[in-house]
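What follows is one structure encoded as structure tokens, with my remarks underneath.
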Amino acid sequence: MFHRKRTIRTTITLIVLALIAFGVLLLSMNTGFSKMSPLEVLSTLFGGGTPKQHLILFEFRLPRIVIALLVGIGLAIAGAILQGVSRNGLADPGILGINSGAGLAVVLYVVTNPQRESTSPMLLPFLALIGAFAAAIIIYLMAYKRHKGISSARLVLSGIALAAGINALMIVLTIRLDPNEFNFIATWQAGSIWGSSWKFVIALLPWLIVLIPIALWKARQLDVFSLGDETATGLGSHLNIQRMILLVVAVAISAACVAVSGGIGFIGLLGPHIARRLVGPRYEHVIPVSALIGAVLLLTADMVGRSLLQNSEIPAGVMVAIIGAPYFLYLLARSKA
Amino acid sequence: MNRSNVVKGRQTSPKEQIWSRPYTAISIIIGGLVLLILGCAFSIAKGSKDIPLEEVWQALVAFNPSNSDHQIIWELRLPRTIAGALVGAAFAVSGALMQGMTRNPIADPGLLGVNAGAGFVLALCFAFFPGLSFNQLILFSFAGAALGVGLVYGIGSLAKGGLSPVRLALAGSAVAALLVALSEGIALYFRISQDIAFWYAGGVAGVTWSQVDILWPWILLALIGSLFLSRSITILSLGDDVASGLGQRTALVRLGAVLAVMVLAGASVSTVGAVGFLGLMIPHAARAMVGVDYKWVIPTSAILGALLMVFADTIGRLSNPPHETPVSALIAVIGVPYFFYIIRKKVRDNL
Chain A
1086 MFHRKRTIRT TITLIVLALI AFGVLLLSMN TGFSKMSPLE VLSTLFGGGT PKQHLILFEF
1146 RLPRIVIALL VGIGLAIAGA ILQGVSRNGL ADPGILGINS GAGLAVVLYV VTNPQRESTS
1206 PMLLPFLALI GAFAAAIIIY LMAYKRHKGI SSARLVLSGI ALAAGINALM IVLTIRLDPN
1266 EFNFIATWQA GSIWGSSWKF VIALLPWLIV LIPIALWKAR QLDVFSLGDE TATGLGSHLN
1326 IQRMILLVVA VAISAACVAV SGGIGFIGLL GPHIARRLVG PRYEHVIPVS ALIGAVLLLT
1386 ADMVGRSLLQ NSEIPAGVMV AIIGAPYFLY LLARSKA
Chain B
4 MNRSNVVKGR QTSPKEQIWS RPYTAISIII GGLVLLILGC AFSIAKGSKD IPLEEVWQAL
64 VAFNPSNSDH QIIWELRLPR TIAGALVGAA FAVSGALMQG MTRNPIADPG LLGVNAGAGF
124 VLALCFAFFP GLSFNQLILF SFAGAALGVG LVYGIGSLAK GGLSPVRLAL AGSAVAALLV
184 ALSEGIALYF RISQDIAFWY AGGVAGVTWS QVDILWPWIL LALIGSLFLS RSITILSLGD
244 DVASGLGQRT ALVRLGAVLA VMVLAGASVS TVGAVGFLGL MIPHAARAMV GVDYKWVIPT
304 SAILGALLMV FADTIGRLSN PPHETPVSAL IAVIGVPYFF YIIRKKVRDN L
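Each protein sequence line maps, in turn, to chains A and B. The first sequence lines up with residues 1086 to 1422 when you count with this note's numbering. The second sequence lines up with residues 4 to 354 when you count with this note's numbering.
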């Protein structure tokens, strides 16, 4: 009975969230540097409109909107998995230094290959993946103690330390770049959806199509983790292997997202938290709901960032941090030791 | 009772917990000072142009304005070396104060939002008041450092169960993320991000006498203040209950320590940028050598911090000429592994 009620509630929540996402999407299509009325947007969508309107909508706005949606979904799912695996409700790919690792690999590539224009966007997710995995492996090893396994405290602290170290390195690497290159990196790091063309969508999409179903399929495993290691072992799950699979999935998803969107933190934190409030603690429900919340959040942040200032834009990552960090601090203050 | 109060199965009095090795401390301080002077001399002598040590000595005691070597020494290398030593001592002592006062092994100005706070306020200054003098910037930097510390401790202490290392680190990284995001937003909008990055990369390159002139009184004052506070910090490091039991006015001590941290970290960050991990590592090394009495930990930390900074700066300058490796990167390269080590050894699992 209880189970069924949850399912109904989750379905309703998902429908409502999808409607909100659709609403933000429509709003987002109408927002931008060149004014287009909702009617013009609609007529352009269905084949009408001037060539200029066509260009703006299909080549500039839509790909960016789609990327924001995908990245929001991806980061939220990655955050949910990390929270489940680490049993720490404050885990997030940004906090844990995984985004920094991915960022470092991309920055290293840009620094060593000044002809960035010739770079295929397909390459970026792979680079980010290498960096993210390197960071994740270091954090995992540092948090691992023989006979004691992984402690949530050590995992979080190692992640924070690694992120701080990588940030110091990044500054050193980027500072000697010429101003244009530097601006690209700075904007990217601040979490601007810069890959606003369809080829970036194509670069990101396969990763999500493969990895998200695995995350959903493994969702029950995350519930088992939340019971604690001893109970989980008693239930017969191969704890370490499962944990590794889930970590790999989370790291790969966030790496692919970071490659096209830069350092956007806090989505992975906010999405799952709000989702738990709405549909309870079971990951089967939390994962899809937080995915949609992440999409709505990032889409909104990007839209607001684009429209707030007249001739400039605020990176979505900055917008998310301005909302996300205070919320994080609120959660931190409320949480029990 | 706290676990740390039980040594080999028996209850110890607070007095017994404050173990220290005064003779070791004194020899480290004296030996360190000698090494520091040698290090400074070496740092002044070496660079894109090597200058013999006799010439360095000559420049110091009998300055000859027409000698270009003397000019280089006075105008470029001497202020840089002095600033390095001052800032190294300042970062290390601010870390020692924070660790002692919070009983938190990972307290460090870099990790706990002090640098980010100073950076945020400096970004505001660069954007809105580009003509500020260094003298004014340093004051704003204090304010920023105070903002960072205040936010992190405020939020950390709001939490039920107090300030565990994880909590403090999470609060620090979230406050830092927020302040950095705000600085980034400002920087990108005003197109000053590379200016800020140059400043943030840290480094004593290009420090001038006018900066040193402003810097040293603040740092010296705060260092002396920290020495005066050291006894109370030792007692505070035994825990609030013990401290109040011994009749200490903990709030007052904390306020003094926070002020000292603010001045030390704020002045340093405004001069050399965000050098993290120095304030974390040095106090641990100092405690391992001289014990847990802050009367000795603070001066030892000051000397060791100055040494590390001067040597790191020299290495950064000489390793890859004509390029300089910023000192913040070098210290992070040592600091991150050290941090991992501390997490594994000093942070209890149940936190």
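For glycine and all other residues, C-beta sits at the position ideal for the given N, C-alpha and C. In this text, all values refer to a predicted model and were calculated from it rather than measured experimentally.
(request) Within 10 angstroms of the Cβ of Ala270 (chain B), are there 16 or more other Cβ atoms? Answer buried if so, exposed if not. (result) buried
(message) Relative to the C-alpha of Phe280 (chain B), which candidate in B:Ala315, B:Ala254, B:Ala260 has its C-alpha closest?
(response) B:Ala315
(request) Note down the Cα distance separating Tyr1415 (chain A) from Ile1299 (chain A), rounded to an integer number of angstroms. (result) Rounded to whole angstroms, Tyr1415 (chain A) to Ile1299 (chain A) spans 32 Å at the Cα level.
(message) Pairs of beta-carbons, one from the region 87-100 of chain B and one from the region 150-159 of chain B, closer than 8 Å: are there three or more?
(response) no
(message) Tell me whether the region 1371-1385 of chain A and the region 1320-1337 of chain A touch, counting them as touching only if at least three CB pairs, one residue from each stretch, are closer than 8 Å.
(response) The region 1371-1385 of chain A, when compared against the region 1320-1337 of chain A, does not touch it at the 8 Å Cβ threshold.
(request) Note down the Cα distance separating Ile54 (chain B) from Val272 (chain B), rounded to an integer number of angstroms. (result) 30 Å
(request) Hey, could you find the ends of the alpha helix (DSSP H) Ser1282 (chain A) is sitting in? (result) That residue, Ser1282 (chain A), is in no alpha helix (DSSP H); it is neither H nor E in DSSP.
(message) Would Ile285 (chain B) pass as an interface residue toward chain A - the criterion being a Cβ-Cβ separation below 8 Å?
(response) no
(message) Please classify Val183 (chain B) as buried or exposed, where buried requires at least 16 neighbouring CB atoms within 10 angstroms.
(response) buried
(request) Return the chain-ordered list of same chain residues with a C-beta closer than 6 Å to the C-beta of Leu1178 (chain A), the five sequence neighbours on each side being excluded. (result) It should be pointed out that residue 1178 (chain A) corresponds to Pro in this sequence rather than to Leu. Cβ neighbours of Pro1178 (chain A) beyond the five flanking positions: Ala1163, Asn1184, Ser1339, Gly1353.
(message) Judging by CA-CA distance, which residue of A:Val1156, A:Arg1391, A:Leu1382, A:Thr1272 is the nearest neighbour of His1358 (chain A)?
(response) Closest by alpha carbon: A:Leu1382.
(request) Between the Cα of Leu79 (chain B) and those of B:Ser213, B:Ser23, B:Val96, spot the shortest distance and give me the residue it belongs to. (result) B:Ser213
(request) Note down, one range per segment and in chain order, each alpha helix (DSSP H) of at least 4 residues found wholly within the region 1323-1397 of chain A. (result) Contiguous alpha helix (DSSP H) elements confined to the region 1323-1397 of chain A occur at 1324-1346, 1352-1364, 1368-1392, taking only those with 4 or more residues.
(request) Return yes when the Cβ of Val124 (chain B) is within less than 8 Å of the Cβ of Phe143 (chain B), no when it is not. (result) yes
(request) Report all residues from its chain with a CB closer than 7 Å to the CB of Val266 (chain B); omit the five preceding and five following residues, and keep chain order. (result) Phe145, Trp221, Ala225
(message) For a contact defined as C-beta to C-beta under 9 Å, what are the partners of Val152 (chain B) on chain A?
(response) By Cβ distance, chain A contributes nothing, its closest Cβ being about 15 Å from Val152 (chain B), past 9 Å.
(request) Would you decide whether Val155 (chain B) is buried or exposed? Buried here means 16 or more other CB atoms lie within 10 Å of its CB. (result) buried
(request) Would you identify the three-state DSSP class for Gly1169 (chain A), choosing helix, strand or coil? (result) helix
(message) Just list the residues that DSSP pairs Gly294 (chain B) with in beta bridges.
(response) B:Ser23
(request) Report yes if the CB atom of Leu1331 (chain A) is closer than 8 Å to the CB atom of Lys1303 (chain A), and no otherwise. (result) yes
(request) Tell whether a beta-carbon distance below 8 Å holds between Leu1214 (chain A) and Ala1335 (chain A). (result) no
(message) According to DSSP, is Lys1230 (chain A) part of a helix, a strand, or is it coil?
(response) Strand at Lys1230 (chain A).
(message) Distance cutoff 8 Å, beta carbons only. Does Val350 (chain B) sit that close to anything in chain A?
(response) Nearest CB-CB separation between Val350 (chain B) and chain A: below the 8 Å threshold.
(message) For Ser1113 (chain A), count the other beta carbons within 10 Å of its own beta carbon; 16 or more makes it buried, fewer makes it exposed. Which is it?
(response) buried
(request) Could you tell me which of A:Phe1413, A:Ile1100, A:Thr1095, A:Met1404 sits nearest to Leu185 (chain B), measuring between CA atoms? (result) A:Met1404
(request) Check whether the Cβ of Arg1362 (chain A) lies closer than 8 Å to any Cβ atom in chain B. (result) no
(message) Less than 8 Å between CB atoms is the rule here; does Tyr192 (chain B) satisfy it with respect to chain A?
(response) yes
(request) For Asp111 (chain B), collect the residues of the same chain with a Cβ closer than 6 Å to its Cβ; drop the 5 residues on either side in sequence, then sort them by chain order. (result) Gly98, Gly282, Leu283
(request) Give the secondary structure of Arg234 (chain B) by DSSP, where H, G and I count as helix, E and B as strand, and everything else as coil. (result) helix
(message) So Met1239 (chain A) contacts chain B; which residues on that side make the cut at Cβ distance below 8 Å?
(response) First, the residue type needs correcting, since residue 1239 (chain A) is Arg and not Met in the sequence shown. Within chain B, the residues near Arg1239 (chain A) are Ile346, Arg347, Val350, Asp352.
(request) Let me know the secondary structure DSSP gives Gly134 (chain B) once reduced to three states. (result) The answer is coil: DSSP assigns Gly134 (chain B) none of H, G, I, E or B.
(message) For Gly50 (chain B) and Ala179 (chain B), what's the separation of their Cα atoms in angstroms?
(response) Each residue's CA atom was taken as its position, placing Gly50 (chain B) and Ala179 (chain B) some 35 Å apart.
(request) Check the Cβ of Leu1394 (chain A) against every Cβ in chain B and list those closer than 7 Å, keeping chain order. (result) Tyr192
(message) Quick check on the DSSP output: the alpha helix (DSSP H) that includes Met101 (chain B) runs from which residue to which?
(response) Met101 (chain B) -> alpha helix (DSSP H) spans 81-105.
(request) Let me know the secondary structure DSSP gives Phe1107 (chain A) once reduced to three states. (result) helix
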